[in-house]
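Before any comments, here is the structure.
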Amino acid sequence: MSPLGTQQLLEARSAEEAREMVQAAAEAGTALRIRGHASRAWLHPIDARPDCSELRLGGLRGMRWIDAGDRTCRVQAGTSLAELDEALAEAELMLPFWDGSAGSVAGAFLGGGPSLFGAAWGMPRDQVLGARWILPDAREVRSGTRVVKSVAGYDLTRLLLGSRGRLAACTELTLRLRPRPRQWAFLQAPETTPEQRLGSCLAVRLPGGSSAGQDLVLWSDPLAVPAAVRAEPLAPQELEDAVLARLREALRPQRGWEPSGVHADEDALLRDLNQGLSVFSVARSTGWPRADSNWLPAVQAVFAGSAIPFGG
Amino acid sequence: MSATGLPPLLRQRLEAAVGTEHVLTDAGSLLAYESDALTLFRCQPGAVVLPADAQQVQACVQVLHEAGVPFAARGAGTGLSGGLLVPAGGVILALSRMNRVLEIDVERRVARCEPGVVNAVLGRHAAQHGLRYAPDPASQTVSTLGGNAAENAGGPQCFLHGNTTQHVLGVEVVLADGRRETWGGPHALSDDLDLRGFACGSEGSVAVLTGLILRLIPQPEAVGTLFGAFADVATACRAVSAIVAAGLQPLALEVMDQRAIHAVEDSVYRAGLPREAGAVLIVEVEGTAAQVERDAAAVEALLGEHAPLQIERAQDEAHRLRIWKGRKGAGGALGRLAPDSLVMDGVVPRSHLAEIMEFVEEVAEQTGLPVANLFHAGDGNIHPHFSYDGRDPDQCARVEIASTKILLKCLELDGSISGEHGIGLEKQHLMESQFDAEELALMQQLRRVFNPADLLNPGKGLPMKRGCAEAFHRHRHLTLDEEFPA
Ligand SMILES: Cc1cc2nc3c(=O)[nH]c(=O)nc-3n(C[C@H](O)[C@H](O)[C@@H](O)COP(=O)(O)OP(=O)(O)OC[C@H]3O[C@@H](n4cnc5c(N)ncnc54)[C@H](O)[C@@H]3O)c2cc1C
Ligand SMILES: Cc1cc2nc3c(=O)[nH]c(=O)nc-3n(C[C@H](O)[C@H](O)[C@H](O)COP(=O)(O)OP(=O)(O)OC[C@H]3O[C@@H](n4cnc5c(N)ncnc54)[C@H](O)[C@@H]3O)c2cc1C
C-alpha cells in the first residue's frame, strides 16, 4: 500500500539510481518528497504534501570506510543505525547518537529531532563532517569535508541537515566518531506519568548540557539516563556511585529529580528510550510549536534550481 | 579617504543614529580600522561607526542600505584572513561598545551576550558559576564572541569540544537591509532551517550578529596536563596517533617544533622549554578525578614509548600554567622574529600529519625563509608561521607561493584550506581548488538571498568576480603563481 497521499513510491538502491529517479521526476514535473526508511512516517502527515511522489533512499546501504586513526567514517545514507553501530563496534568506535530504533543514518540527522546525547555532545549534526547530495534538478553536490575542522566556504552541511529533506536528498555522510565506552550503565529515573515525562524530557533536554568528559557521559533522557564509562571497568558499586554522583550534578537544576538507581539492563533501557521518544514525538505531531523560517522558500529556490523543491 | 569622503547627509543620518561622538572620520581612526590582523590587505573606510546596541546597529544598517554604502561589522580586528575591510568610502560598524554579558542562566547553562564581549570575559563570568565557554582561540583575551562566531573560531580545546558553531545555540541578527531576526535559540530543538549554523563561519557576509545565545558547559572536576619533548616532529606526531589509537580523548593535543621552541626561549615568553628538542607535545585530559588520574597515567606511558627526551606531568595549577606558557606565548614570540609574518592555516586528516609537516619543511627550504610550526595536532590543523620582510617583494612572493603550495597539498591529502582563520580576501583564489563550480555557485546564490546588494562585507569568503578585487586598495598584489621563480 502506498503511503499517505503518495502518487508513487520510488525506491533507489544506489546513488546513481536515485539521481536518475530525481531527474525523471524533474523532467516530468513531478514533486518528490525524500524518505530514508520512512520509519517515522507517522510523524509526517503535518508536513506531507499529498501530491508528492515519495523517493526512498533506504536502499543506499553500507559503510564506505572507517578510519580508526582519524575517528571518522563514510557511510551510505540509507544504512540503518543498527548496521552502522555494529560496524563501528568492531572498530571500538561509536556515533554518539542512538535510539536503538530502526531508521536510516541520514534520517537520524535530517529528521530534525534533538539527540538523546544532546546534553553531552550538542546537536546530532555536530557529528557530520560532510555529505553528498542530489538536488531537486538532479545536480549532485558535496558539502563539507572529511576533516574534523574546516571553515572554508559557507556551512552548507548544517543548512542542508536542518532542512528535514526539503532542500536536497542525502546519499552519503562523513561522520566524526567517538571512542566506544568499554562499560555502560543505565540509570532509571523515577516513575512518572506520560505528561510528566514529556515535561521532564524538555526540562532535562533543553539545558544544553553536561560536559563531554570522555569517561562518564550522560544522556539526559526523561526516562532513563545511561552513562557510559570508558577505561577499565569499575566494580559495580564504584560504578553506581560514580554515575549517581554525576547524575545528581547534571539534574541538580531540575527540581524534583533524584535518580533512583542504576540498572544495567540494556534492553529495558532501549524500551524506555523508545517510549520516551514516542511521547515526545506524538506531542510534536499533534501540534508541537514549530515556526518554519520565512526564508525556506528562498533557500529552497536556490537548491531546486528550475525544478520543484522537495516536499516535506 | 577621509571625512570629506563621507557625504554630509549620510554622516548626519549616522550621527543621528549613534550620536556625533560615535561616528569617527579622523585620519587616525580610519588608519586604525583599515585592516584586520592580516595587514597584507588594507583599505581605509570612509567612517567608523560605534553603535551602542542592536537598535543602533539596525538604525545604521537601514541608513547604509538605503544609501547603498558597503559596510562590515567588526569585533576586535584580530581576524587573520583579510576579512574585514570595506571598499573606499564604506563604513566599519565597530561593535566594541556592545560588550555586555546580558545573562548567565545557570540552570539551563546558557549565556546571552552582546557580540563585542571578549571571549575570555565570558569565560570569567561563567567560571563564577562553575561553568565555562569551551571555544578558546589563542586570541581569546582580545577577540570577541561575535568575531569568533562569524569565523567559527577554534582553539586547543576544540579537539574535544568542537569549534564555535557547536556552542552557538542562537543568534540575534540585523540583516543586510536592516530587519531584525533571531535564528535558533536556547532550546536547540534543531527543528528549523539551520540559519544559525549557516551564519556561523559566514565571515560577516550573511548578517550582523547583534546578540549571541551560547552554550556553557560545566568546569571539569579535574584536569591533567602532560608535556613530552621528542627528537623530531614526526615522533611527536606518532605519539599523538598512539594516544588517539588507545581510545583516549584528550581535551587538547598541541605540538610545537624546534623553531617555535627557540623563538619562545629567546623571547620574554621564555618558559624553560628544552632547546635541544625537535618538538614538544602538550596533552591535556579532563574529567572526574579518578578518570584524569587513569588517563594521565595512560598518556604518560604512551609518551614514554616514543623515546622522549623529557616527560613532565603537571603537579599543580602553577605547574600546568608553566607548561602552557610556552605554547600560549609562541604566537607573540614568533611575531618578533621578523618585520612581518604569515600564519597559515590548513587541515589534513590527522593520519597525514607527519606527511604534511615534512612537506612544509621541504617548501620552507625552497623559500629560504624560516618557518616555525605550532599546531592543533588532534584536529590535523597546521599553522606554519613564515617570517619575512614585507618590504622585500621577492620575499613576499616567496611566502605567498609557499602558502599556496602547502594549502594545495592539504587538499591533495583530502583536507581543507582553512580550519579556523577563514577565507577572507587571502584565500579566495584557492576556493576553486577545494570546491567545484556547482558548489561555489550555490554559495554565491545563498549569499545573494541574504545579502542581495552585496553591501554586507562585500567580496570576502568566496571567489570574487574579476575586477572586484581592485575595489580594495591592496597593500600589494597577491602572487597567484604556484611555482617559485627559478
Ligand atoms: C522530534 C523528533 C525527535 C527525535 N529524536 C531522536 C533522538 O533523540 N534520537 C534518535 O536517534 N532519533 C530521533 N528521532 C528520529 C530520527 O529521525 C530517526 O531515528 C531516524 O533514524 C529515522 O530514519 P528514517 O530513515 O526512517 O527517516 P524517515 O522517517 O524516512 O525520514 C525522517 C525525515 O528525514 C528526512 N530524510 C530521511 N532520509 C533522508 C535522506 N537520505 N535525504 C534527505 N532527507 C532525508 C525525511 O525527509 C524526513 O523529514 C527523532 C525524530 C523526531 C521527529
Ligand atoms: C595572535 C592571534 C592568535 C589567533 N589565534 C586563533 C586561534 O587560535 N583560533 C582561531 O580560530 N583564530 C585565531 N585567530 C584569528 C582571530 O582571532 C579569530 O578569527 C577571531 O574569531 C576574530 O575575532 P574578532 O573579534 O577579532 O573579529 P574581527 O577580526 O573583528 O572580525 C572577523 C570577521 O568576523 C566578522 N565579524 C566580527 N564581528 C561580527 C559580528 N558581530 N557580526 C557579524 N560579523 C562579524 C568581521 O566582519 C570579519 O569578517 C588569532 C589571531 C591572532 C591575531
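In order, the protein sequences belong to chains A and B. Per our numbering, residue 7 is the first one in the first sequence, and the count goes up by one each step. Per our numbering, residue 1269 is the first one in the second sequence, and the count goes up by one each step. Heads up, the beta-carbon is just placed ideally off N, CA and C, and yes, glycines get one too.
Heavy atom of ligand 2 within 7 Å of residue i beta-carbon
i, result
"T1307 of chain B", "no"
"A1444 of chain B", "no"
"P1338 of chain B", "no"
"L1642 of chain B", "no"
"R1447 of chain B", "no"
"N1416 of chain B", "yes"
"L1363 of chain B", "yes"
"H1689 of chain B", "yes"
"S1407 of chain B", "yes"
"R1342 of chain B", "yes"
"A1315 of chain B", "no"
"N1725 of chain B", "yes"
"A112 of chain A", "no"
"D91 of chain A", "no"
"K1728 of chain B", "yes"
"L1693 of chain B", "no"
"E1471 of chain B", "yes"
Assigned secondary structure, residue i (DSSP; H/G/I helix, E/B strand, else coil)
i, result
"S20 of chain A", "coil"
"T1307 of chain B", "coil"
"P1276 of chain B", "helix"
"T1478 of chain B", "strand"
"N1755 of chain B", "Chain B is shown only over 1269 to 1754; residue 1755 of chain B falls outside these bounds and no answer can be derived."
"E1694 of chain B", "coil"
"V1337 of chain B", "coil"
"V1717 of chain B", "helix"
"G1452 of chain B", "strand"
"F1703 of chain B", "coil"
"S1684 of chain B", "strand"
"A1315 of chain B", "strand"
"A144 of chain A", "coil"
"A1575 of chain B", "coil"
"W1592 of chain B", "helix"
"R152 of chain A", "coil"
"L257 of chain A", "At L257 of chain A the pLDDT is 47, less than 50, meaning the model places this residue with poor confidence; the figure from the coordinates comes in the next sentence. In this structure, L257 of chain A counts as helix in the three-state DSSP scheme."
"P228 of chain A", "At P228 of chain A the pLDDT is 32, less than 50, meaning the model places this residue with poor confidence; the figure from the coordinates comes in the next sentence. Coil, per DSSP."
"H1239 of chain B", "Residue 1239 of chain B lies beyond the range of chain B shown here (1269 to 1754); nothing can be said about it."
"R1392 of chain B", "helix"
"R170 of chain A", "coil"
"H1244 of chain B", "The requested residue 1244 of chain B is not part of the displayed model; chain B covers only 1269 to 1754."
Neighbourhood of residue i by C-beta distance below 7 Å, restricted to the same chain and skipping five residues each side
i, result
"V1410 of chain B", "A1344, T1346 and V1386"
"P1576 of chain B", "G1496, A1497 and F1498"
"A1564 of chain B", "G1492, L1494, V1553 and R1581"
"E201 of chain A", "Note that E201 of chain A has pLDDT 38, beneath the 50 cutoff, so the model's placement of it is unreliable and the number below is only indicative. Cβ neighbours of E201 of chain A beyond the five flanking positions: none."
"G1469 of chain B", "E1419, N1420 and T1433"
"A1456 of chain B", "Low confidence applies to A1456 of chain B: its pLDDT is 49, below 50, so where it sits in the model is not reliable, and the reading given next is rough at best. The answer, listed in chain order, is L1437."
Close beta carbons around residue i, own chain, < 8 Å, minus the five adjacent residues each side
i, result
"R261 of chain A", "Unreliable placement is indicated for R261 of chain A, whose pLDDT of 37 sits below 50; the coordinate value is still reported in the next sentence. Result list for R261 of chain A: empty, nothing under 8 Å."
"S6 of chain A", "Outside the displayed range of chain A (7 to 318) lies residue 6 of chain A, so it cannot be described from this structure."
"S59 of chain A", "T12, Q13, Q14, L15, L16, A31, T36, A37, L38 and R39"
"V1442 of chain B", "A1322, V1325, Q1326, V1329, R1448, A1475, V1476 and T1478"
Cutoff 6 Å; reference residue i; Cβ partners in own chain excluding five residues on either side
i, result
"L162 of chain A", "S149"
Review point. What residues in the stretch 140-160 of chain A bring their beta carbon closer than 7 Å to a beta carbon of chain B?
Key: Those would be R145, V147, R148, T151, R152, V153, V154, K155, S156, V157, A158, G159 and Y160, in chain order.
Point to revise | Residues of the stretch 65-90 of chain A whose Cβ lies closer than 9 Å to any Cβ of chain B, in chain order | key: D73, A74, G75, D76, R77 and T78
Practice item. Closer than 7 Å, Cβ to Cβ, to anything on chain A: give me those residues from the stretch 1379-1402 of chain B, in chain order. Key: none
**Study point:** Within the stretch 1515-1557 of chain B, ranges of the beta strand (DSSP E) (whole runs, at least 3 residues)
**Key:** 1520-1525 and 1547-1555
Review point. Which residues, in chain order, does the stretch 1608-1629 of chain B contribute to contact with chain A at a C-beta distance below 8 Å?
Key: V1615, V1616, P1617, R1618 and S1619
Point to revise | Cβ-based contacts, 9 Å cut-off: residues of the stretch 1408-1432 of chain B near chain A | key: Listed by position along the chain: E1419, N1420, A1421, G1422, C1426, F1427, L1428, H1429, G1430 and N1431.
Check your understanding: Unbroken alpha helix (DSSP H) runs of length 4 or more, entirely within the stretch 1402-1434 of chain B: which are they?
Key -> 1413-1419 and 1426-1429
Review point. Using a Cβ cut-off of 7 Å, which residues of the stretch 1641-1669 of chain B contact any Cβ in chain A, in chain order?
Key: D1647, G1648 and N1649
Check your understanding: According to a CB-to-CB cut-off of less than 7 Å, which residues of the stretch 1464-1484 of chain B neighbour chain A?
Key -> G1465, F1466, C1468, G1469, S1470 and R1483
Check your understanding: In chain order, what residues of the stretch 1707-1719 of chain B put their CB closer than 7 Å to some CB of chain A?
Key -> E1707, L1710, M1711, Q1713, L1714 and V1717
Exercise for review: Taking only beta carbons into account, state which residues of the stretch 1488-1513 of chain B come closer than 9 Å to chain A, listed in chain order.
Suggested key: Those would be P1488, E1489, S1509, V1512 and A1513, in chain order.
Point to revise | Members of the stretch 1289-1323 of chain B that neighbour chain A once the beta carbon cut-off is set at 8 Å | key: Within the stretch 1289-1323 of chain B, no residue qualifies.
Review point. Given a limit of 7 Å on CB to CB distance, which residues of the stretch 1679-1701 of chain B reach chain A?
Key: D1682, G1683, S1684, I1685, S1686, G1687, E1688, G1690, I1691 and M1699
Point to revise | Runs of beta strand (DSSP E) lying entirely within the stretch 1460-1514 of chain B, each at least 3 residues, in chain order | key: 1476-1483 and 1490-1498
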